[in-house]
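Take a look at the structure set out below.
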Amino acid sequence: MIFWLQQLTNGLSLGAIIALIALGYTMVYGVLKLINFAHGDILMVGAFVAIYAAMWAAHYGIPVWFPLIMPVSMAFCAALGVAIEFVAYRPLRNAPRLASLITAIGVSLFLESVGQWKLGAGRHAFPALLSDHRIEALAERYGFYVYVSDLVIFASTLLLLVALQAIVKFTRFGKAMRAVSQDPEAARLMGVDVNRVITGTFALGSALAGAGGVMWGMKFGAADPLMGMDPGLKAFVAAVVGGIGNVPGAMVGGFIMGVAETLVAACSIPIGRMWGSDLVIVGSNYRQALGFLILILVLLLRPSGLFGRHEPEKV
Amino acid sequence: MAYRPDPVRVYGHWLLAAAGLSLAAAAIGYGIPKVLPTFHLDPLALGLIYAVIALGLNIVNGQAGLFSIGHAAFAGIGAYTAGGLSTMVGPRLFGWGPGMPAQLDSPAAAVFFMASLLAGGLVAALFGYLVGIPTLRLRGDYLAIATLGFGEIMRVVLDNTASLGGPLGMHGIPRFTTYPVIGVALVLTLIVCRNIATSVPGRCFVALREDEIAAESLGIATTRVKVNAMALSAGIAGIGGGLLAHRLGSYMPVDLSWVRSVEFVLMVVLGGSGSITGTVIAAITLGMLPGEMLQLTKWPWLQKLIGNKMVVYSVLLIVMMLVRSLWFKGGWELSFQWMRDSAARLRRRLSRREGPANG
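Line by line, the protein sequences are chains A and B.
Residue numbers for the first sequence follow our numbering, beginning at 1 and rising by one.
Residue numbers for the second sequence follow our numbering, beginning at 1001 and rising by one.
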């Protein structure tokens, strides 16, 4: 029982990060109807910015604290996101959507390969930005491990999620964003500067990706130029599961993905004996496939996601 | 008197085409290895095999306008099937020892090789069909992600299948894919693709790409046509994968990853989505690129410049999309019709130049 509770906790802390990354996908899709394939790689850049910022801070005697490092990453990623939007997506605003999808893949490959080229393909140790204390009372009495760092990650993720929701719901910019996502043409006619909204959305989403990158790096203790692929794909799946374009949906989808993956990774299912040895499906071997299985199932059963509204196609 | 068409006029272009294509196959199969320096042969062979796979993808991505990022997986399924037949069944049938034969040593073995390639294509087509039925109701981006997901699932499953070599993949596949084999395979693929493109199914694909709702209102069963396109395209990619496995001698789960699929997509897009000629040219160019870059030791600066294949790829991809209007013509084909037309155009221009009286 404690085992599964433990796995559930792990899943929730993973899911929070995935939810954070998924928001970037979902917001960009909402306003631009574009799958920003480079989102995962912006996350990678965020993680590396944090590594170098921490090194730099340590060099100049500035305390290497999580609340100091993360904003640096977020700001850098926001700028990067805006730059990518300006160079790669803006010229294709009126092109067929496939064209911008291919450009997005190109940007993703570009960031990955430049990362491998300049940073090396190996793994870089991620600095410990938070203490690795765990809550001793729980550990001693129940053997249930809860780390302070996980709690901080979880709390700051929730904080960011709430902040984002507030921005979308209560600010003028959020209102403009919602208007653009409903109907860009009508929004333009109402005097909304669509391009500026899109730029802002990219900045916001990429900042969240940067935060996600720092947390992902802290959680797994390492960063490498290809690290963005895995969380990127998972977050994308989470966004689709929740109904892409739908902000609360992406959060729920992220938690579903995190928990499902952790629980499946904890399973090993014996499926019988063959040639004198036990055949076991080891869940953790298939954790990467699981997300896509969920994705395909959701797409089949509810193509517009759990919270998405089905929109009939018009001529 | 009954109408008797002149057989030369009716069947003449058939004969001409057959002769030309046999000549092309022979030229690829026997001419190129004689003419080209040895160190260009391996990269070119890869390029030609990639052309087969890219032609398969061209049906889905180029003609039907469905975006698939899972074709490396279909090629991989074909490769594993054909390679598995060669390494597991072949030795029992033909007594191939631990060291596989260097070439096809008997007509029976050649037939077996062809059958295993076809089996690879069929299994891949079956997978294409099964994947297509549920996912092809999705559109655009969703379809892309679903095919990507399928490819990644296949990769993870193969990674975990010990009997197929696990992450190390399949090794010791006999290297049967020689130049004549490639020549015949490529020419056959070209014939199939060209005939599909100019017949009812191909026109249906293009109609779907141009406007799905309009196509539906014309009575095209959109989902069925899409599934057919997917199965066909996966089958051709599967045959190409079998060829590739028998050229490389090994095939790994990594070869099924979506990054490889993106390379195939790049070939189709670079060739001007939908154009068979363009796809072949782009596939040969991009397929040869890595191998040829190894030989650039003479020009270190150039080697350094394009030394990182994926950087070049990604920049190409972005720039190509940005200057799309120059590329996205897509309609051009190297065909008899085009030759006739351009000859006529040339003649007209020449005759105009002779004197102003004609103009």
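Backbone N, C-alpha and C fix where the C-beta goes; we use that ideal spot for every residue, glycine too.
Excluding five sequence neighbours on each side, which residues of the same chain lie with their C-beta closer than 7 Å to the C-beta of residue i?
i                          : result
glycine 1202 of chain B    : Gln1063, Ile1196
histidine 291 of chain A   : The amino acid occupying residue 291 of chain A in the given sequence is glycine; histidine does not appear at that position. These residues qualify, in order along the chain: Leu233, Lys234, Val237, Met257, Glu261.
glycine 1065 of chain B    : Leu1208, Arg1209
methionine 1267 of chain B : Tyr1050, Ala1054, Thr1279, Ala1282, Ala1283, Leu1286
aspartate 1159 of chain B  : Gly1166, Pro1167, Pro1253
Near residue i, what residues of its chain come up, given a Cβ to Cβ distance below 8 Å and the 5 sequence neighbours on each side ignored?
i                          : result
valine 1123 of chain B     : Ile1077, Gly1078, Thr1081, Gly1238
alanine 1207 of chain B    : Ala1214, Ala1215, Leu1218, Ile1220
glycine 122 of chain A     : Asp224
asparagine 1358 of chain B : With a pLDDT of 48 at asparagine 1358 of chain B, under the threshold of 50, the modelled position of this residue cannot be trusted; read the value that follows with caution. Cβ neighbours of asparagine 1358 of chain B beyond the five flanking positions: Ser1351, Arg1352.
serine 1257 of chain B     : Ala1072, Gly1151, Glu1152, Arg1155
Using beta-carbon positions only, say whether residue i and residue j come within less than 8 Å of one another.
i                             : j                            : result
isoleucine 21 of chain A      : proline 231 of chain A       : yes
valine 194 of chain A         : valine 180 of chain A        : yes
serine 1116 of chain B        : phenylalanine 110 of chain A : no
threonine 103 of chain A      : isoleucine 1318 of chain B   : yes
valine 1280 of chain B        : leucine 1046 of chain B      : no
leucine 301 of chain A        : tyrosine 1142 of chain B     : no
leucine 14 of chain A         : valine 247 of chain A        : no
valine 241 of chain A         : glycine 253 of chain A       : yes
proline 1290 of chain B       : glycine 1169 of chain B      : no
valine 259 of chain A         : leucine 12 of chain A        : yes
isoleucine 1236 of chain B    : glycine 1121 of chain B      : yes
isoleucine 69 of chain A      : alanine 47 of chain A        : no
lysine 73 of chain A          : alanine 50 of chain A        : As written in the sequence, residue 73 of chain A is serine, which differs from the lysine given in the question. It is a contact, given that the beta carbons lie within the stated cut-off.
leucine 1138 of chain B       : proline 91 of chain A        : no
phenylalanine 1067 of chain B : alanine 1234 of chain B      : no
alanine 960 of chain B        : isoleucine 296 of chain A    : Missing from the structure shown is residue 960 of chain B; chain B here goes from 1001 to 1359 and no further.
alanine 1229 of chain B       : tyrosine 1129 of chain B     : no
phenylalanine 37 of chain A   : serine 108 of chain A        : yes
proline 1043 of chain B       : glutamate 1212 of chain B    : no
Put residue i into one of helix, strand or coil per three-state DSSP.
i                          : result
valine 1315 of chain B     : helix
isoleucine 269 of chain A  : strand
leucine 306 of chain A     : coil
methionine 1288 of chain B : helix
tyrosine 1251 of chain B   : strand
tyrosine 1050 of chain B   : helix
methionine 1170 of chain B : strand
histidine 124 of chain A   : strand
asparagine 1358 of chain B : In this predicted model, asparagine 1358 of chain B has a pLDDT of only 48, less than 50, meaning its place in the structure is not dependable enough to derive any value.
alanine 1215 of chain B    : helix
tyrosine 1011 of chain B   : helix
alanine 1002 of chain B    : coil
alanine 1221 of chain B    : coil
arginine 1175 of chain B   : coil
valine 1323 of chain B     : coil
alanine 222 of chain A     : strand
Check each candidate in the options and name the one with the smallest Cα separation from residue i.
i                             : options                                    : result
alanine 125 of chain A        : A:Ala58, A:Phe86, A:Met218, A:Leu151       : A:Met218
isoleucine 84 of chain A      : A:Thr199, A:Ile18, A:Ala121                : A:Thr199
tyrosine 25 of chain A        : A:Gly205, A:Ile294, A:Val298               : A:Gly205
arginine 93 of chain A        : A:Trp4, A:Asn246, A:Gly308, A:Lys33        : A:Lys33
valine 192 of chain A         : A:Trp65, A:Ile153, A:Arg172, A:Leu14       : A:Arg172
isoleucine 1049 of chain B    : B:Val1311, B:Phe1264, B:Gly1271            : B:Phe1264
tyrosine 145 of chain A       : A:Leu160, A:Ser108, A:Arg134, A:Gly243     : A:Arg134
methionine 229 of chain A     : A:Ile18, A:Asn285, A:Ala78, A:Phe66        : A:Ile18
glycine 81 of chain A         : A:Asp183, A:Phe202, A:Val282, A:Ile296     : A:Phe202
alanine 137 of chain A        : A:Ser131, A:Ala128, A:Tyr147, A:Leu130     : A:Tyr147
methionine 251 of chain A     : A:Ala57, A:Gly305, A:Ser108, A:Arg178      : A:Gly305
valine 1198 of chain B        : B:Ile1276, B:Thr1038, B:Leu1130, B:Tyr1251 : The question names valine, but residue 1198 of chain B in the sequence shown is threonine. The candidate whose alpha carbon is nearest that of threonine 1198 of chain B is B:Ile1276.
threonine 1161 of chain B     : A:Cys267, A:Cys77, A:Thr157, A:Tyr286      : A:Tyr286
phenylalanine 1336 of chain B : B:Arg1004, B:Ala1017, B:Asp1006, B:Tyr1003 : B:Ala1017
proline 1134 of chain B       : B:Val1227, B:His1013, B:Met1339            : B:Val1227
leucine 1093 of chain B       : B:Gly1271, B:Val1192, B:Ala1108            : B:Ala1108
Please go through the same chain and pick out, in chain order, the residues whose beta-carbon is closer than 6 Å to the beta-carbon of residue i, but skip the five residues on each side of it.
i                           : result
glycine 174 of chain A      : Ile167, Val168
methionine 227 of chain A   : Met44
alanine 1025 of chain B     : Gly1183, Val1184, Val1187
phenylalanine 66 of chain A : Leu129, Leu130
threonine 1387 of chain B   : Residue 1387 of chain B is absent from the model: chain B starts at 1001 and stops at 1359.
asparagine 10 of chain A    : Thr262
alanine 88 of chain A       : Thr103, Val107
Mind checking if residue i is an interface residue toward chain E, Cβ cutoff 8 Å exclusive?
i                         : result
asparagine 246 of chain A : In the displayed structure, chain E is absent; the protein chains listed are A and B.
Tell me whether residue i, by its Cβ, gets closer than 7 Å to a heavy atom of the ligand COA.
i                     : result
valine 282 of chain A : Ligands in the displayed structure: none, and consequently the ligand COA is not present.
- Message: Please give the ranges of any alpha helix (DSSP H) in the segment 18-92 of chain A, keeping only runs that are unbroken, at least 4 residues long and fully inside the region.
- Response: 39-59, 66-84
- Message: Which runs of the alpha helix (DSSP H) at least 4 residues long sit entirely within the segment 1065-1136 of chain B? Give them in chain order.
- Response: 1071-1084, 1090-1094, 1107-1135
- Task: May I have a chain-ordered list of the beta strand (DSSP E) segments no shorter than 3 residues that lie completely inside the segment 147-219 of chain A?
- Result: none
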